[in-house]
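The block underneath contains the structure these notes are about, expressed in structure tokens.
There are 4 protein chains.
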Amino acid sequence: MARPINEEKRLERRKSILKEAVVLFAESGYSNTTTAIIAQSVGVTPGTIFQYFPSKEALYYAAVLEPLADIQVKSLACLQQEGAPGVLIQNMVEEQFNHIYFYTNELRLVQSVLGQRIRFPELTQKVLESIKVMTDAIERVYTKGQLMGEFNKSFSPAMISRAYISLLNGVGLTLGESIIHHPEWENLKGHAFYLFAPIQPKEKLEESE
Amino acid sequence: MARPINEEKRLERRKSILKEAVVLFAESGYSNTTTAIIAQSVGVTPGTIFQYFPSKEALYYAAVLEPLADIQVKSLACLQQEGAPGVLIQNMVEEQFNHIYFYTNELRLVQSVLGQRIRFPELTQKVLESIKVMTDAIERVYTKGQLMGEFNKSFSPAMISRAYISLLNGVGLTLGESIIHHPEWENLKGHAFYLFAPIQPKEKLEESE
Amino acid sequence: MARPINEEKRLERRKSILKEAVVLFAESGYSNTTTAIIAQSVGVTPGTIFQYFPSKEALYYAAVLEPLADIQVKSLACLQQEGAPGVLIQNMVEEQFNHIYFYTNELRLVQSVLGQRIRFPELTQKVLESIKVMTDAIERVYTKGQLMGEFNKSFSPAMISRAYISLLNGVGLTLGESIIHHPEWENLKGHAFYLFAPIQPKEKLEESE
Amino acid sequence: MARPINEEKRLERRKSILKEAVVLFAESGYSNTTTAIIAQSVGVTPGTIFQYFPSKEALYYAAVLEPLADIQVKSLACLQQEGAPGVLIQNMVEEQFNHIYFYTNELRLVQSVLGQRIRFPELTQKVLESIKVMTDAIERVYTKGQLMGEFNKSFSPAMISRAYISLLNGVGLTLGESIIHHPEWENLKGHAFYLFAPIQPKEKLEESE
DNA sequence: GATGAATGAGGTTTCATTCAT
DNA sequence: CATGAATGAAACCTCATTCAT
Chain A
1 MARPINEEKR
11 LERRKSILKE
21 AVVLFAESGY
31 SNTTTAIIAQ
41 SVGVTPGTIF
51 QYFPSKEALY
61 YAAVLEPLAD
71 IQVKSLACLQ
81 QEGAPGVLIQ
91 NMVEEQFNHI
101 YFYTNELRLV
111 QSVLGQRIRF
121 PELTQKVLES
131 IKVMTDAIER
141 VYTKGQLMGE
151 FNKSFSPAMI
161 SRAYISLLNG
171 VGLTLGESII
181 HHPEWENLKG
191 HAFYLFAPIQ
201 PKEKLEESE
Chain B
1 MARPINEEKR
11 LERRKSILKE
21 AVVLFAESGY
31 SNTTTAIIAQ
41 SVGVTPGTIF
51 QYFPSKEALY
61 YAAVLEPLAD
71 IQVKSLACLQ
81 QEGAPGVLIQ
91 NMVEEQFNHI
101 YFYTNELRLV
111 QSVLGQRIRF
121 PELTQKVLES
131 IKVMTDAIER
141 VYTKGQLMGE
151 FNKSFSPAMI
161 SRAYISLLNG
171 VGLTLGESII
181 HHPEWENLKG
191 HAFYLFAPIQ
201 PKEKLEESE
Chain C
1 MARPINEEKR
11 LERRKSILKE
21 AVVLFAESGY
31 SNTTTAIIAQ
41 SVGVTPGTIF
51 QYFPSKEALY
61 YAAVLEPLAD
71 IQVKSLACLQ
81 QEGAPGVLIQ
91 NMVEEQFNHI
101 YFYTNELRLV
111 QSVLGQRIRF
121 PELTQKVLES
131 IKVMTDAIER
141 VYTKGQLMGE
151 FNKSFSPAMI
161 SRAYISLLNG
171 VGLTLGESII
181 HHPEWENLKG
191 HAFYLFAPIQ
201 PKEKLEESE
Chain D
1 MARPINEEKR
11 LERRKSILKE
21 AVVLFAESGY
31 SNTTTAIIAQ
41 SVGVTPGTIF
51 QYFPSKEALY
61 YAAVLEPLAD
71 IQVKSLACLQ
81 QEGAPGVLIQ
91 NMVEEQFNHI
101 YFYTNELRLV
111 QSVLGQRIRF
121 PELTQKVLES
131 IKVMTDAIER
141 VYTKGQLMGE
151 FNKSFSPAMI
161 SRAYISLLNG
171 VGLTLGESII
181 HHPEWENLKG
191 HAFYLFAPIQ
201 PKEKLEESE
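First to last, the protein sequences are chains A, B, C and D. Taken in order, the first sequence gives residues 1 to 209; the numbers are from UniProt numbering. Taken in order, the second sequence gives residues 1 to 209; the numbers are from UniProt numbering. Taken in order, the third sequence gives residues 1 to 209; the numbers are from UniProt numbering. Taken in order, the fourth sequence gives residues 1 to 209; the numbers are from UniProt numbering.
Following this line, the structure appears as structure tokens:
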């Protein structure tokens, strides 16, 4: 009696609605994106949206939080590998910069939530919690890295992780039209890691003396 | 010549409208802030707003751009002083962090514009131009600093200035409720300067060898 | 001839839909009762409703008129028995009060139709006709009763029958939550008969003098 | 600084909206009466309605309760006069029947609320409370009348008052199109008083013997 | 110059009904 | 026959803006 095909179809359509919603919300903001426009972009009639999301607000929540959960999972996965803390963090940076490279809209969506904290207080809370989870994970790995002499010991891990997350968010925000073709993109990625104050091999040697 | 007093009154009221608008737009976003609410916060009736601004959109533009011009002027002033590039930049960082400390709403307003680039294309252009003016100015001073051996020569000034502006914007965005009481605030300010890769006196010595 | 079983099944399902519809329409009104809710209550899917009733309005008509026909048949049956008019009417009162006791929803449904006469003009007509049939029948028996000295002759049968029907309808309407447990229920039933101005045996004697 | 003229204008307009709303709600029911139609009937644009009532539901509440409060005040006033209980009650009956004669729509509105108790539970509560206030007042006067030998002592005042209220409501409900021209109208009014089982002077005499 | 009531276009959401499976 | 996803028209309500006072 199960109808797996239908279930699959539903999920697929839900996904396609969400995808369009992310683009449109990110480009035009919440209020200026009408559900009718989203429906039109997906290629369905206005009513159909509400078969998949109970309200415009719920759609917005999903458009913000689901991609955020995605990047969180991927980022935490990087940090939970075996390996030297410095390498783990470098992998995470790589992962995250690639992410905002390919998912600029998703990131900007999150940012615009943080820009209207009173309007969407619950959503803001969840986004900030998600950021907290990230910074906590980074702090732990960073502290370990400091103990192992891979990072400069004079910086507070709490500050370092926040500075990094701030840079990551700011990058998507302030780079021009399409960050994808920005000539400094690769260098920025490198400098994001520099922010962690890694100790160069030569320096390491000196320091261990 | 009988007008100056009235003129002054008008300017004062215009300013008070703008001040409330900044707060409300920043907290609740453009669409969710009604002109009626702004009027009420200022203590006037709905019609009055339109005696000072031709439309809600014009008010929004002013609320975004006027404070932005303010910080720009102040920042450029820092960089145009006499003095060592490193010191100038350090002063600018100090100035700007103080600014986002005291004018968080104004900053978030700018950020939310950048989060809806298609909605307010003209405004977005102007904000990005303003950022460009800042990064250009920083680049020039930074390049001079590199030549004078005050900054690590291996980083591109274009990248450095963008990384810094990104961090600056990201800080306001990602710090919790009120950045004002964040325990890492002072350290973050210091690390923002670290991003410029300044050369320590000792290092300077070594490098000059 | 291979159909009777299926036919029976259809009738049974139709009946179960009607039953739920009566409850839901009576509780929440026509517009606030969605076909989807009815379907869910019955345990079928939305489309199925329309296999049994051509439209929501047709379902409403049936939900109002079929129970009304029921009570009408039963009531007329009481009046068409052999016996003294006073007894026949007393039986009818008993029958009808029992009916609204057990079928409160059905009665309220009828009443709410009468509360929106322009919305459902046809239905209103049919309900009023049904009431007319009842009052006519009562009038005939009552007139006979008056002639036989069982009822006070000074009242117009047309008025009496309308007063009674009004009381009957008003009772369902104005008694609190559940008329079923109302402490005055039994007394009300007695007073409904009092409305007919029956002549007590003793009085009868006096009057015939 | 007071603007009595404006205030007065507002009240007048509010009243005219309410008046139209009563008619339309009573004729077509809540859901089938659109706010646009009400606005059109009043001669204003759709938005104006919401300057006077926060929502359609609030308008409905007012349309139901305000006329109900009116009749309640008038009815209680009748009962609180000086005089014989029988006379007071007769005055009240007169007052109330005149009321439903001139305000049929207002009455039907109340009835249709009672026909959808789950849809408007709060409103239903208030209407039932209002009815309770009426029946309580009637009971008190009736009890006094019984003690003074004006009413048959064998009936429970609680039952009598409920029977009367039921009849009153039922009359508006079941009389055809316009009760105004119903030939039995005057007789019905008389029979409503008969329901109280008043003792005729002659009977009074006999009973006191 | 300030007021604040009126405007009316436009957005979200609901829901009876259809029809391919 | 039953299903249940899609439809799309229509409703309530908001709010920037105007203008007579």
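Cβ atoms here follow ideal geometry from the backbone N, Cα and C, with glycine treated the same way.
According to DSSP, is residue i helix, strand or coil?
| i | result |
| --- | --- |
| D/Pro54 | coil |
| B/Phe97 | helix |
| B/Phe196 | coil |
| D/Phe102 | helix |
| C/Met1 | With a pLDDT of 44 at C/Met1, under the threshold of 50, the predicted position of this residue should be treated as unreliable, though the coordinate-derived value follows. In the structure shown, C/Met1 sits in coil (DSSP, three-state: anything other than H, G, I, E or B). |
Under 8 angstroms by Cβ, that's how I've got residue i and residue j pegged, so tell me the actual separation to the nearest angstrom.
| i | j | result |
| --- | --- | --- |
| C/Val23 | C/Pro85 | About 37 angstroms separates the two Cβ atoms, so there is no contact after all. |
| B/His99 | B/Ile71 | 5 angstroms |
| C/Leu109 | C/Ala63 | 6 angstroms |
| D/Gly172 | C/Arg119 | Not confirmed; about 17 angstroms, so no contact. |
| D/Ile165 | C/Thr174 | 5 angstroms |
| A/Phe155 | B/His191 | 7 angstroms |
| B/Asn105 | A/Ser31 | So it is not a contact: roughly 19 angstroms between Cβ atoms. |
| C/Gln111 | D/Gln125 | In fact, because the Cβ distance is near 19 angstroms, the residues do not count as touching under 8 angstroms. |
| C/Ile17 | C/Ile38 | 7 angstroms |
| C/Ala158 | D/Glu20 | Not quite, the Cβ-Cβ distance comes to about 35 angstroms (not below 8 angstroms), so this is no contact. |
Take residue i and list the residues in its own chain whose beta-carbon comes closer than 7 angstroms to its own, dropping the five residues that flank it on each side.
| i | result |
| --- | --- |
| C/Gln116 | none |
| D/Tyr61 | Leu123 |
| B/Cys78 | Leu88, Asn91, Met92 and Glu95 |
| D/Glu150 | Ala84, Pro85, Gly86, Pro198 and Ile199 |
| C/Thr143 | Pro157 |
| D/Arg13 | Tyr52 |
| B/Val42 | Ser16, Ile17 and Glu20 |
If you count every other CB in all the chains shown that lies within 10 Å of the CB of residue i, and 16 or more means buried, which is it?
| i | result |
| --- | --- |
| D/Asn169 | buried |
| C/Val73 | exposed |
| D/Pro67 | buried |
| D/Val127 | buried |
| C/Val133 | exposed |
| D/Leu107 | buried |
| C/Thr45 | exposed |
| C/Phe97 | buried |
| A/Gln40 | exposed |
| C/Phe102 | exposed |
| residue 277 of chain A | Residue 277 of chain A is absent from the structure shown; chain A starts at 1 and stops at 209. |
| D/Leu11 | exposed |
| B/Lys9 | exposed |
Output needed for residue i: all residues of its chain with C-beta closer than 6 angstroms, excluding positions within five of it in sequence on either side, in chain order.
| i | result |
| --- | --- |
| C/His181 | none |
| C/Lys153 | Gln146 |
| C/Leu59 | Ala21 and Phe53 |
| A/Ile138 | Ser161 |
For residue i, which residues of its own chain have a beta-carbon under 8 angstroms away from its beta-carbon, when the five flanking residues on both sides are left out?
| i | result |
| --- | --- |
| B/Leu195 | Ile160, Ala163, Tyr164 and Leu167 |
| A/Gln81 | Leu88 and Asn91 |
| A/Lys189 | Val93, Glu94 and Phe97 |
Continuous alpha helix (DSSP H) assignments of at least 4 residues falling wholly in the UniProt domain "HTH tetR-type" (11-71) of chain C: Within the UniProt domain "HTH tetR-type" (11-71) of chain C, the complete alpha helix (DSSP H) runs of at least 4 residues are 35-42 and 46-52.
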